[in-house]
Every structure is written in structure tokens, then in C-alpha cells.
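Okay, so here's the structure we're looking at.
In full-length UniProt numbering, the protein residues as written are 1 to 87.
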């Protein structure tokens, strides 16, 4: 049996405000990463390269898996898709 954590209304509101701030930051970072990734793809293709580099995508998937576990792979897939579009 776990002990109940006493949480005050003020603390709960402060934590929710922090979550909202973190969500805003995640969205900002998500959008910036997607824009940078799209630009990299444009540059690569303009120079005769491919739209994506599989070794790079595998490395990103593994980075997220290592940091976040199996859920990290799903997050990485969404991050990659946001930058390059669907395959």
C-alpha cells in the first residue's frame, strides 16, 4: 500500500502551470526541429542526394530508444516524420 501524498491546491495549480509551460516549449522545439530537418533535406536533394539518409534515421531511433526505452522509438518515428514527411 502506498502512502498518500498530500497536495495543496496551490501546489497542484503550480504543477499544472509548469506542465503547460513545458508543453509550450516542446511544441516550439518540435516545430523548429521539423523546419531544420526539412531544410537539410532540401539542401541534400539540391546537391544530388536523397531525401533521407537511413543510417542517420537509424541513429536517431537508437538515440531515442536508449534515452526513453521502447516508447522513445515511437516518439522518434513521429519526430522524423515531422521533418521529412511520411515515407
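All C-beta atoms, glycine included, are put in the ideal place defined by N, C-alpha and C. Bear in mind that the values here come from a model prediction, so they are computed numbers and not experimental data.
| Asked | Found |
| --- | --- |
| Touching by the beta-carbon criterion (3+ pairs, under 8 Å), the stretch 75-85 and the stretch 17-37 | yes |
| Bounding residues of the alpha helix (DSSP H) (the contiguous stretch that carries residue 11) | 9-46 |
| Nearest-angstrom Cβ-Cβ length linking residue 46 and residue 64, presumed shorter than 8 Å | So it is not a contact: roughly 28 Å between Cβ atoms. |
| Residue 51 vs residue 41 beta-carbon contact at 8 Å | yes |
| Residue span of the alpha helix (DSSP H) that contains residue 5, given as start and end | No alpha helix (DSSP H) holds residue 5; DSSP gives it neither H nor E. |
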